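Using numbering that gives the first Met the number 0, the first residue of the sequence shown is number 0, and each one after it goes up by one. To start, the structure under review is shown below, and the notes come after it.
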Amino acid sequence: MLGVPASLSANVETDSFTGALMGEYRALATDRMTLDVMAGARVWSVDNNISATLKANETEVASLSGSDGDTWVDPMIGIKARINTKSPFYFQAWGMIGGLGVGSDFAWDVLGGVGYQWNDTVSTVIGYRALGVDYENSGFQYDVIQHGVIAGAVIKF
Numbered sequence: 000m001l002g003v004p005a006s007l008s009a010n011v012e013t014d015s016f017t018g019a020l021m022g023e024y025r026a027l028a029t030d031r032m033t034l035d036v037m038a039g040a041r042v043w044s045v046d047n048n049i050s051a052t053l054k055a056n057e058t059e060v061a062s063l064s065g066s067d068g069d070t071w072v073d074p075m076i077g078i079k080a081r082i083n084t085k086s087p088f089y090f091q092a093w094g095m096i097g098g099l100g101v102g103s104d105f106a107w108d109v110l111g112g113v114g115y116q117w118n119d120t121v122s123t124v125i126g127y128r129a130l131g132v133d134y135e136n137s138g139f140q141y142d143v144i145q146h147g148v149i150a151g152a153v154i155k156f
């Protein structure tokens with residue numbers, strides 16, 4: 000059996016941005032914990048690029064490329080809780096849902112973390128966060144879950 004050495008190479012790149020603007024109402028405040036109700040919006044922007052090349056005997060036979068993307072805004076609602084300890088350490092969590100057919104079909108965001116209150120103004124937090132979205136529009140589909148360790152700082156005014 001004779002064959003022709005052939006190779007197919009492909010490159011896929013996705014660039015995404017998400018940002019949220021949320022208003023909060025403090026529903027509960029004690030020395031041990033706070034509970035906030037949140038409402039606002041999250042913007043998503045996604046760009047996908049793909050290219051592929053087919054070679055036979057190191058000669059390019061065919062190549063193709065394409066791109067697609069979209070930007071949309073989801074309404075979001077959620078709750079955020081903070082539980083204080085008797086030390087400067089505290090626990091923090093939030094959960095949000097949104098989209099609900101307005102932007103995406105469904106979007107969600109959860110976080111759990113441990114923080115340290117340095118003074119009345121500054122605290123830091125480390126935790127784990129996951130967010131997901133199920134979006135489809137005019138043939139473009141973005142059904143993604145992103146998760147991982149986070150670290151951040153909070154400055155209160």
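No residue lacks a Cβ here, since even glycine has one placed at the ideal position from N, Cα and C. Fair warning: this is a prediction, and the values are worked out from it, not measured in the lab.
Item checked: Distance CB(Ala-5)-CB(Ala-80) smaller than 8 Å -> Start at 1 with the first residue of the sequence shown, and residue 5 comes out as number 6. Start at 1 with the first residue of the sequence shown, and residue 80 comes out as number 81. No.
Check: How about Asn-83 and Met-37: are their beta carbons less than 8 Å apart?
Finding: Mapped onto the sequence shown, residue 83 falls at position 84. Mapped onto the sequence shown, residue 37 falls at position 38. Cβ atoms of Asn-83 and Met-37: not closer than 8 Å.
Next item on the list: Figure out for me which residue from Ala-51, Val-124, Leu-34 has the closest Cα to the Cα of Asn-10.
Entry: What you label residue 10 is simply residue 11 of the sequence shown in a count that begins at 1. Nearest in C-alpha terms to Asn-10, of all of Ala-51, Val-124, Leu-34, is Ala-51.
Margin query: Considering Cα atoms alone, identify which of Glu-135, Ser-66, His-146, Asn-48 is closest to Ser-103.
Written below: By one-based count along the sequence shown, residue 103 stands at place 104. If you compare the alpha carbons of Glu-135, Ser-66, His-146, Asn-48 with that of Ser-103, the shortest gap goes to Glu-135.
Notebook entry, point to check: Should Ala-152 and Thr-123 be called a contact, given that it needs their Cβ atoms to be closer than 8 Å?
Noted result: Counting from 1 along the sequence shown, the entry for residue 152 is found at position 153. Counting from 1 along the sequence shown, the entry for residue 123 is found at position 124. Judged by beta-carbon spacing, Thr-123 lies within the 8 Å limit of Ala-152, meaning their Cβ atoms are closer than that value.
Item checked: Close Cβ partners of Ala-20 (< 7 Å) along its chain, the five nearest in sequence each way excluded -> By 1-based counting over the sequence shown, the position of residue 20 is 21. Reading the sequence as shown, one finds Leu at residue 20 and not Ala. Result list for Leu-20: Gly-39, Ala-40, in chain order.
Notebook entry, point to check: By a C-beta neighbour count over all protein chains shown, 10 Å radius and 16 as the cutoff for buried, is Ala-26 buried or exposed?
Noted result: As a working mapping, residue 26 is identified with position 27 in the sequence shown. So Ala-26 ends up on the exposed side.
Item checked: Pro-70 versus Trp-43: straight-line alpha-carbon distance, rounded -> On the sequence shown, residue 70 is found 71 positions in, with the first residue counted as 1. On the sequence shown, residue 43 is found 44 positions in, with the first residue counted as 1. Looking at the sequence shown, residue 70 is not Pro but Thr. Thr-70 and Trp-43: Cα-Cα distance of roughly 6 Å.
Margin query: So, for Val-109: in the same chain, excluding its five sequence neighbours on each side, which residues have a beta-carbon less than 6 Å away from its beta-carbon?
Written below: Along the sequence shown, read from residue 1 onward, the residue named residue 109 stands at position 110. Around Val-109: Gly-94, Ala-129.
Notebook entry, point to check: Excluding sequence positions up to five away, which residues of its chain have a Cβ less than 8 Å from the Cβ of Leu-53?
Noted result: As a working note, residue 53 is residue 54 in the sequence shown. Taken in chain order, the residues that qualify are Ala-5, Ser-6, Leu-7, Glu-59, Val-60, Ala-61, Ser-62.
Check: By how many angstroms is the C-alpha of Gln-91 removed from the C-alpha of Asp-14?
Finding: Along the sequence shown, read from residue 1 onward, the residue named residue 14 stands at position 15. Along the sequence shown, read from residue 1 onward, the residue named residue 91 stands at position 92. Taking the straight line joining both Cα atoms gives about 29 Å.
Next item on the list: Put Thr-84 into one of helix, strand or coil per three-state DSSP.
Entry: For the purposes of this step, residue 84 is identified with residue 85 of the sequence shown, where counting begins at 1. Reduced to three states, the DSSP call for Thr-84 is coil.
Next item on the list: Leaving aside the five residues before and after Asp-46 along the sequence, list all residues of the same chain whose C-beta is less than 6 Å from its C-beta, in chain order.
Entry: Reading the sequence shown from its first residue, position 47 is the one you call residue 46. Correct list, in chain order: Asp-14, Gly-68.
Margin query: Short of 6 Å in beta carbon distance, which residues of its chain neighbour Asp-73, apart from the five on each side in sequence? Order them along the chain.
Written below: For the purposes of this step, residue 73 is identified with residue 74 of the sequence shown, where counting begins at 1. A distance below 6 Å between beta-carbons, with the five flanking residues on each side excluded, links Asp-73 to the following residues of its chain, in chain order: Arg-41, Gly-97, Gly-98, Gly-102, Ser-103, Ala-106.
Checklist line | Reference Ile-76, options Gly-22, Glu-12, Val-132, closest by Cα | finding: As a working mapping, residue 76 is identified with position 77 in the sequence shown. Nearest C-alpha to Ile-76: Gly-22.
Next item on the list: State buried or exposed for Tyr-89, treating a residue as buried only when at least 16 other CB atoms are found within 10 Å of its CB.
Entry: To locate residue 89, count along the sequence shown from 1; it is residue 90. With a threshold of 16 other beta carbon atoms within 10 Å, Tyr-89 meets it and is buried.
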